[in-house]
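Student: Sharing a structure below in structure tokens format, with a few things to ask.
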Amino acid sequence: MDVTEVLLPGVGLRYEFTNHRGDRVGVVARRTGEFDLVLYGEEDPDEGRPVLQLNGEEADTVAEILGAPRIAERFADLTKEVPGLMSGQVEVRAGSVYDGRPLGDTRARTRTGASIVAVVRGEEVIASPTPQEPLRGGDVLVVIGTHEGIAGVEQIIRG
Amino acid sequence: MRTPVALLLELGIILAALSVLGTLARRFTLSPIPLYLLAGLAVGKGGIAPVPAAGEFVETGAAIGVVLLLLALGLEFSLPEFAVGMRRHVPSALVDLGLNAAPGAVAGWLLGMDGVGIFALAGATYISSSGIVARLLEDLRRLGNRETPAVLSVLVMEDCAMALYLPVLAVLASGGQWWQAVLGVLAAVGAVIAAFTVSYRWGHHVGRLVSHPDAEQLLLRVLGLTLIVAALAEAVHASAAVGAFLVGLTLTGETATRTRAVLSPLRDLFAAVFFLAIGLSVDPADLVPVLPAALALAAVTAFTKVATGRFAAARDHVGRRGRLRAGTVLIARGEFSLVIVGLVGTMQGSLGPLVTAYVFILAFACPLLTRLAGTIPLGKPRPPGAKDSTA
Numbered sequence: 083m084d085v086t087e088v089l090l091p092g093v094g095l096r097y098e099f100t101n102h103r104g105d106r107v108g109v110v111a112r113r114t115g116e117f118d119l120v121l122y123g124e125e126d127p128d129e130g131r132p133v134l135q136l137n138g139e140e141a142d143t144v145a146e147i148l149g150a151p152r153i154a155e156r157f158a159d160l161t162k163e164v165p166g167l168m169s170g171q172v173e174v175r176a177g178s179v180y181d182g183r184p185l186g187d188t189r190a191r192t193r194t195g196a197s198i199v200a201v202v203r204g205e206e207v208i209a210s211p212t213p214q215e216p217l218r219g220g221d222v223l224v225v226i227g228t229h230e231g232i233a234g235v236e237q238i239i240r241g
Numbered sequence: 008m009r010t011p012v013a014l015l016l017e018l019g020i021i022l023a024a025l026s027v028l029g030t031l032a033r034r035f036t037l038s039p040i041p042l043y044l045l046a047g048l049a050v051g052k053g054g055i056a057p058v059p060a061a062g063e064f065v066e067t068g069a070a071i072g073v074v075l076l077l078l079a080l081g082l083e084f085s086l087p088e089f090a091v092g093m094r095r096h097v098p099s100a101l102v103d104l105g106l107n108a109a110p111g112a113v114a115g116w117l118l119g120m121d122g123v124g125i126f127a128l129a130g131a132t133y134i135s136s137s138g139i140v141a142r143l144l145e146d147l148r149r150l151g152n153r154e155t156p157a158v159l160s161v162l163v164m165e166d167c168a169m170a171l172y173l174p175v176l177a178v179l180a181s182g183g184q185w186w187q188a189v190l191g192v193l194a195a196v197g198a199v200i201a202a203f204t205v206s207y208r209w210g211h212h213v214g215r216l217v218s219h220p221d222a223e224q225l226l227l228r229v230l231g232l233t234l235i236v237a238a239l240a241e242a243v244h245a246s247a248a249v250g251a252f253l254v255g256l257t258l259t260g261e262t263a264t265r266t267r268a269v270l271s272p273l274r275d276l277f278a279a280v281f282f283l284a285i286g287l288s289v290d291p292a293d294l295v296p297v298l299p300a301a302l303a304l305a306a307v308t309a310f311t312k313v314a315t316g317r318f319a320a321a322r323d324h325v326g327r328r329g330r331l332r333a334g335t336v337l338i339a340r341g342e343f344s345l346v347i348v349g350l351v352g353t354m355q356g357s358l359g360p361l362v363t364a365y366v367f368i369l370a371f372a373c374p375l376l377t378r379l380a381g382t383i384p385l386g387k388p389r390p391p392g393a394k395d396s397t398a
């Protein structure tokens, strides 16, 4: 998808893209942290019809809602930037020792130094899970740590 | 300490009146600047409600108002944004300068002003009011429009032109021999270039000097530094406003963003006092004779600004209606035209009343015209020459 970025001197940035249905969408990201969402109409393609105005906090919330399924991808991007840090995905098999037991029981962090930063369960993503979070068969754990750390977590979960 | 009852009362009434006027203006998406000028006229010499006790405060406040306006302008300015504007809009800036400074210069010459007066009037007709235009784009929710980057680029280039123009005007206005003027101009241009260099290379050091996590500390430090530099600049006849502008230029990045935030309420207050003071310094009786000239100048330069905006927007491949929106929104003249008058002072007899009336007309006309331009129905072929009626 092509996103055009235009600098608005003194104001911020404007992003513009066309979605799969042919709507032309503009997002004005202001220096003050607010966002304006506009739609460009048919009759005057230069005029942005205001749709939404979000303050910084609202924008963060919307971004989280929309971006949740991509959290795993973003962790993968993050690890590219930090040398030595890796991310891995470890599946909890149905019938595994930890199927039905809380995450804390694995003591993965204490034993390996690697962190479980998210639990992906089908379409749902539990970001920053607490030790009380019960694991289920089929869950995929997003793990961040060293190569050995991730391998360690894999061993623990496999049992 | 004795509390000056008369001063507090008069000032309180003035501020309350300004607030009522401001609310009225906002209700109709107009700029409050002309109303502040009007209020100044009303309480000034020959006005209807003189305020002897508050006069001194208004005068002092106006000086601080100019300093804060120019500091804020310098803070707005960033080299990367300027560079982006440069890449595409140098021709727009040249068209802007040529079309809009020339009518002012010609008018000054026709009115029999001297060189400084002509130069000052050219500046006053050239520069659009960034304050009014930015506010209009916001109020009419046009920030997402495709013509908006062109409009903002023109404003940024004007700000840059002001960085060179204001010091030169300040030097010329302070008089002296031609060689003193030339030396002064060179010194002024040198100061601007030095400020840019400092901002570009050591901006973070200056930032560290004044930056503090506490908002109060940041405000005190920036304000202190600015007033000191402004006073030094004034002492060497380079104008306090220019000194403040240079301080604004050197502050960049995070410091600039935070300074803008803590400073803007203070700037709004003192800028209102500044507009009031400009109105105060003009005798309403002096306005009547300059009114025809101001109207003619306003009509001509409204048209030339529309042409400028259309040209700039066309460079960004914006359609016909967007071009008209870009043109009409740029019509507003305001704070900087008045700053120019403030710099030249009372040396030029008719300049103050003329520019006051001129700003008054255009600051009022611009919001009306640009809203109208936004509602023009599409697809109707317009007769040739129709654009004249919008100017």
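The listed protein sequences correspond, in order, to chains Z and E. So the first sequence is residues 83 to 241, counted in my numbering. So the second sequence is residues 8 to 398, counted in my numbering. Each residue gets a CB set at the ideal place from its N, CA and C atoms; glycine is no exception.
#1: Since I believe Thr363 of chain E is in contact with Ile285 of chain E (beta carbons under 8 Å), could you give me their beta-carbon distance rounded to a whole number of angstroms?
#2: Could you compute how far the alpha carbon of Thr204 of chain E sits from the alpha carbon of Gly72 of chain E?
#3: Going by Cα to Cα distance, which pick from E:Gly352, E:Ile55, E:Ser344 is closest to Tyr365 of chain E?
#4: So is Phe84 of chain E buried or exposed if we call it buried at 16+ other beta carbons inside 10 Å?
#5: Counting only beta-carbon separations shorter than 8 Å, does Pro156 of chain E have a partner in chain Z?
#6: Since Pro213 of chain Z and Leu185 of chain Z are thought to touch, with beta carbons under 8 Å apart, how far apart are those beta carbons, to the nearest angstrom?
#7: Here's the rule I'm using: 16 or more other beta-carbon atoms within 10 Å means buried, otherwise exposed. How should Arg389 of chain E be labelled?
#8: Based on Cα-Cα distance, which residue from E:Ala79, E:Ile40, E:Ala237 lies nearest to Arg274 of chain E?
#9: Does any CB atom of chain E fall closer than 8 Å to the CB of Pro211 of chain Z?
#10: How many Å lie between Gln187 of chain E and Leu82 of chain E at the Cα?
#11: With DSSP as the reference, label Arg389 of chain E as helix, strand or coil.
#12: Can we say the region 204 to 223 of chain Z touches the region 171 to 191 of chain Z, given the rule of at least three CB pairs closer than 8 Å?
#13: Work out the CA separation of Arg95 of chain E and Leu15 of chain E for me, nearest whole Å.
#14: Tell me whether the beta-carbon of Ala196 of chain Z lies closer than 8 Å to the beta-carbon of Gly227 of chain Z.
#15: Counting only C-beta atoms, is Ala393 of chain E closer than 8 Å to chain Z at any point?
#16: Among the residues of its own chain, which have a CB less than 6 Å from the CB of Thr397 of chain E, if the five just before and after it don't count?
#17: Determine whether the beta carbon atoms of Val235 of chain Z and Thr192 of chain Z lie at a separation below 8 Å.
#18: May I have a chain-ordered list of the alpha helix (DSSP H) segments no shorter than 4 residues that lie completely inside the region 161 to 235 of chain E?
#19: With distances taken from CA atoms, which of E:Phe318, E:Phe64, E:Leu44 is nearest Gly19 of chain E?
#20: So Leu143 of chain E is in the beta strand (DSSP E); what residue range does that whole segment cover?
#21: Run down chain E in chain order and give the residues with a C-beta less than 8 Å from the C-beta of Asp55 of chain Z.
#22: Would you say Gly326 of chain E and Asp128 of chain Z are within 8 Å of each other, going by their C-beta atoms?
#23: Give me the Cα-Cα distance between Gly191 of chain E and Val175 of chain E, rounded to the nearest whole angstrom.
#24: Between Leu89 of chain Z and chain E, is the shortest Cβ-Cβ distance under 8 Å, so that the two count as touching?
#25: Could you spell out the range, first to last residue, of the alpha helix (DSSP H) harbouring Pro272 of chain E?
#26: Report yes if the C-beta distance between Ala319 of chain E and Ala333 of chain E is below 8 Å; otherwise report no.
#27: According to DSSP, which residues form a beta bridge with Asp126 of chain Z?
#28: Is the Cβ-Cβ distance between Gly111 of chain E and Arg96 of chain Z less than 8 Å?
#29: Does the distance from the CB of Phe277 of chain E to the CB of Gly68 of chain E come in under 8 Å?
#30: Among the residues of its own chain, which have a CB less than 6 Å from the CB of Arg330 of chain E, if the five just before and after it don't count?
#31: For Asn107 of chain E, would you say it is in contact with chain Z, using Cβ-to-Cβ distances shorter than 8 Å as the test?
Tutor: On the basis of the supplied data:
#1: Taking the second sequence and counting its residues from 1, one reaches residue 285 of chain E at position 278. Taking the second sequence and counting its residues from 1, one reaches residue 363 of chain E at position 356. Confirmed, Cβ separation roughly 6 Å.
#2: If you number the second sequence from 1, residue 204 of chain E lands on position 197. If you number the second sequence from 1, residue 72 of chain E lands on position 65. In a straight line, the C-alpha of Thr204 of chain E is about 27 Å away from that of Gly72 of chain E.
#3: Within the second sequence, numbered from 1, the residue matching residue 365 of chain E stands at position 358. For Tyr365 of chain E, the nearest C-alpha among the options comes from E:Ser344.
#4: The residue labelled residue 84 of chain E in the question sits at position 77 within the second sequence. Phe84 of chain E is buried by the Cβ-count criterion.
#5: As a first step, residue 156 of chain E is located in the second sequence; it is residue number 149 there, counting from the start. Pro156 of chain E counts as touching chain Z.
#6: Against the first sequence, residue 213 of chain Z aligns to sequence position 131. Against the first sequence, residue 185 of chain Z aligns to sequence position 103. That belief holds up - the Cβ atoms of Pro213 of chain Z and Leu185 of chain Z are roughly 6 Å apart, short of 8 Å.
#7: Here the question's residue 389 of chain E lines up with position 382 in the second sequence. With a pLDDT of only 46 at Arg389 of chain E, under 50, the local geometry of the prediction cannot be trusted, and the value read off the model is given with reservation. The residue in question, Arg389 of chain E, is exposed, as its Cβ has fewer than 16 Cβ neighbours within 10 Å.
#8: Numbered from its first residue, the second sequence carries residue 274 of chain E at position 267. In terms of CA proximity to Arg274 of chain E, E:Ala79 leads the group E:Ala79, E:Ile40, E:Ala237.
#9: As a first step, residue 211 of chain Z is located in the first sequence; it is residue number 129 there, counting from the start. No, its Cβ sits nowhere closer than 8 Å to a Cβ of chain E.
#10: For this step, residue 187 of chain E is matched to residue 180 along the second sequence. For this step, residue 82 of chain E is matched to residue 75 along the second sequence. One C-alpha to the other measures close to 30 Å.
#11: Taking the second sequence and counting its residues from 1, the one referred to as residue 389 of chain E is at position 382. Low per-residue confidence applies at Arg389 of chain E: pLDDT is 46, beneath 50, and the placement is therefore not dependable, though the value from the model is reported in the following sentence. The answer is coil: DSSP assigns Arg389 of chain E none of H, G, I, E or B.
#12: Contact between the region 204 to 223 of chain Z and the region 171 to 191 of chain Z is present, because at least three Cβ pairs lie under 8 Å.
#13: By one-based count along the second sequence, residue 15 of chain E stands at place 8. By one-based count along the second sequence, residue 95 of chain E stands at place 88. C-alpha separation (whole angstroms): 51 Å.
#14: Working through the first sequence from its first residue, we reach residue 196 of chain Z at position 114. Working through the first sequence from its first residue, we reach residue 227 of chain Z at position 145. Taking 8 Å as the Cβ cut-off, Ala196 of chain Z and Gly227 of chain Z qualify as a contacting pair.
#15: Position 386 of the second sequence, counting from 1, holds the residue named residue 393 of chain E. Because Ala393 of chain E sits at a pLDDT of 44, beneath the cut-off of 50, its placement in the model cannot be relied upon, and the point is left open.
#16: Indexing the second sequence from 1 puts residue 397 of chain E at position 390. With a pLDDT of 39 at Thr397 of chain E, under the threshold of 50, the modelled position of this residue cannot be trusted, and the question is left open.
#17: Within the first sequence, residue 235 of chain Z is the residue found at index 153, counting from 1. Within the first sequence, residue 192 of chain Z is the residue found at index 110, counting from 1. No, Cβ-Cβ distance for Val235 of chain Z and Thr192 of chain Z is not below 8 Å.
#18: 185 to 217
#19: As a position in the second sequence, residue 19 of chain E is number 12, starting the count at 1. Checked all of E:Phe318, E:Phe64, E:Leu44; the closest Cα to Gly19 of chain E is E:Phe64.
#20: Counting from one through the second sequence, the residue named residue 143 of chain E turns up at place 136. Unbroken run through Leu143 of chain E is the alpha helix (DSSP H), 137 to 146; no beta strand (DSSP E).
#21: Residue 55 of chain Z cannot be examined here, being either before or after the span of chain Z that is shown, 83 to 241.
#22: Your numbering for residue 326 of chain E matches position 319 in the second sequence. Your numbering for residue 128 of chain Z matches position 46 in the first sequence. Contact flag set, yes.
#23: Your numbering for residue 191 of chain E matches position 184 in the second sequence. Your numbering for residue 175 of chain E matches position 168 in the second sequence. Their backbone Cα atoms lie some 8 Å apart in a straight line.
#24: What you label residue 89 of chain Z is simply residue 7 of the first sequence in a count that begins at 1. Closer than 8 Å to some Cβ of chain E, the Cβ of Leu89 of chain Z qualifies, so yes.
#25: Residue mapping note: residue 272 of chain E aligns to position 265 of the second sequence, counting from 1. Run containing Pro272 of chain E: 260 to 288, per the alpha helix (DSSP H) assignment.
#26: For the purposes of this step, residue 319 of chain E is identified with residue 312 of the second sequence, where counting begins at 1. For the purposes of this step, residue 333 of chain E is identified with residue 326 of the second sequence, where counting begins at 1. Yes, the Cβ-Cβ distance between Ala319 of chain E and Ala333 of chain E is below 8 Å.
#27: By 1-based counting over the first sequence, the position of residue 126 of chain Z is 44. DSSP lists no partner for Asp126 of chain Z.
#28: Counting from 1 along the second sequence, the entry for residue 111 of chain E is found at position 104. Counting from 1 along the first sequence, the entry for residue 96 of chain Z is found at position 14. Not a contact, by the Cβ cut-off of 8 Å.
#29: Position 270 of the second sequence, counting from 1, holds the residue named residue 277 of chain E. Position 61 of the second sequence, counting from 1, holds the residue named residue 68 of chain E. Yes, these two residues count as a Cβ contact at 8 Å.
#30: Here residue 330 of chain E corresponds to residue number 323 of the second sequence, with the count starting at 1. Within the same chain, Cβ atoms closer than 6 Å to the Cβ of Arg330 of chain E are found at Arg317, Ala320, Ala321, the five residues on either side in sequence being excluded.
#31: Against the second sequence, residue 107 of chain E aligns to sequence position 100. Output row for Asn107 of chain E: interface = no.
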